[in-house]
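Since the structure comes first, as structure tokens, the remarks are kept for the end.
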Amino acid sequence: MGYDVSQDLLIAFGKIQPKLAKRRANVIKKNFLMVRGDTEGWERTFVNFWGLTADTLYLPYMTAEEVLSRLENVENLEVFKWFKQKGKPLIVTTAHIGMPEMLANFASLLGFPGVAVAEVPSNEWYREFLKRREKFGMKIIPMGGSYPLLVSAIMEGQFVYLVSDRDVKKKGVVLSFGRGKRYFPLGFASLSVETKTPLAFGCGIPTGPRGKYRGYILGPYYPKDINDALEWFAQNLYDFVYKFTDMWFVFQDEWV
């Protein structure tokens, strides 16, 4: 089965999900209400997610040229270039917007590989996961015990990529977000302040379930303290989630 046929089937599957996946549907509608104040267009989240899943499934078989052909442009790429040329570390925060598997490979192929952290449910899936995110040079380490490894990577002048919009274990800090409140993890903020490493915010927004990706980079930002780092990230995240709510793939109710 080819990519186009697979994507057609996945998009068709996404179109019927609002009726089949009631729990997820309710979470998506709540996300829209909390972020935007209405639920207009919430069904597109399912279509976008399942359509873009074709990218994740086919990544192990895609060449570097095929992956880069999906990237339309990147705004403010000069930030990454400056830190890379100077051999300086950078903590890149990101979120569950679009497909992180594609973003990891975009970063590597553009010349900015680094270290990323992920939590995955099983060893078998972890191996499959690595095939997708490490294909072109990104190094993935498991979440448990990752902090010392990240400090070491920073001391070596590497880029560190951290998906930071979810705190499933609720051990972080509660911040206002849109019309509600959410938990945010402390890891990226603590790492930045402790190592005196600046933050960037990066994400790739697909133009649709069949579209290309547009990259965005904000920063660098030098936080004064942990709270400053958290608030900077939360504001940037909200700005993007508000504009691209149907590309924010968070399917668990994590509102406080």
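Read left to right, the sequence shown gives residues -16 to 239 (my numbering).
Ideal Cβ positions, reconstructed from N, Cα and C, are used throughout, including at glycine.
{"Item": "Could you name the residues of the same chain whose beta carbon sits closer than 6 Å to that of Gly136, not counting the 5 residues immediately before and after it, in chain order?", "Value": "Per the sequence shown, residue 136 should be read as Ala rather than Gly. Excluding residues within five positions, the ones whose Cβ falls inside 6 Å are Val98, Val143."}
{"Item": "Got a sec? Which residues, its chain only, sit under 8 Å from Met17 by beta carbon, not counting five neighbours each side?", "Value": "Phe160, Gly161, Arg162, Gly163, Trp238"}
{"Item": "Quick check on Lys164: does DSSP put it in helix, strand or coil?", "Value": "strand"}
{"Item": "If you draw a straight line from the C-alpha of Thr178 to the C-alpha of Arg53, how long is it?", "Value": "35 Å"}
{"Item": "Below 6 Å CB to CB, which residues in the same chain sit around Trp25 once its five sequence neighbours on both sides are set aside?", "Value": "Ile11, Lys12, Phe15"}
{"Item": "For Leu92, which residues in the same chain have their Cβ closer than 7 Å to its Cβ, ignoring the five residues on either side in sequence?", "Value": "Ala47, Val50, Leu51, Phe119"}
{"Item": "Looking at C-alpha atoms only, which residue of Thr39, Gly202, Gln235, Asn210 is the closest neighbour of Ser173?", "Value": "Asn210"}
{"Item": "Which same chain residues end up closer than 8 Å to Tyr221 when comparing Cβ atoms and leaving out the 5 residues on each side of it in sequence?", "Value": "Val18, Phe160, Gly161"}
{"Item": "Using a Cβ-Cβ cut-off of 7 Å (strictly less than) and excluding sequence neighbours within five positions of Lys153, which residues of its own chain qualify?", "Value": "Tyr166"}
{"Item": "Go ahead and pull the three-state DSSP assignment for Ala101.", "Value": "strand"}
{"Item": "Could you say if the segment -15 to 2 and the segment 199 to 217 meet the contact criterion of at least three C-beta pairs nearer than 8 Å?", "Value": "no"}
{"Item": "With H, G and I counted as helix, E and B as strand and the rest as coil, what does DSSP make of Arg197?", "Value": "strand"}
{"Item": "Is Gly194 near Gly140, with beta carbons less than 8 Å apart?", "Value": "no"}
{"Item": "Count the other CB atoms, across all protein chains shown, that sit within 10 Å of the CB of Tyr196; report buried if there are 16 or more and exposed otherwise.", "Value": "buried"}
{"Item": "Quick one: measure Cβ to Cβ for Thr180 and Ile74, integer angstroms, because I've assumed they're closer than 8 Å.", "Value": "5 Å"}
{"Item": "Can you say whether Pro131 is buried or exposed, counting buried as having 16 or more other CB atoms within 10 angstroms of its CB?", "Value": "exposed"}
{"Item": "Taking its Cβ as the centre, do 16 or more other Cβ atoms sit within 10 Å of Val157, making it buried, or is it exposed?", "Value": "exposed"}
{"Item": "According to DSSP, is Trp231 helix, strand or coil?", "Value": "strand"}
{"Item": "For Val151, count neighbouring Cβ atoms within 10 angstroms of its own Cβ and tell me buried if that reaches 16, exposed if not.", "Value": "exposed"}
{"Item": "Could you compute how far the alpha carbon of Ala217 sits from the alpha carbon of Asn31?", "Value": "23 Å"}
{"Item": "With a 10 Å radius around its C-beta and 16 neighbouring C-beta atoms as the bar for buried, classify Asn9 as buried or exposed.", "Value": "exposed"}
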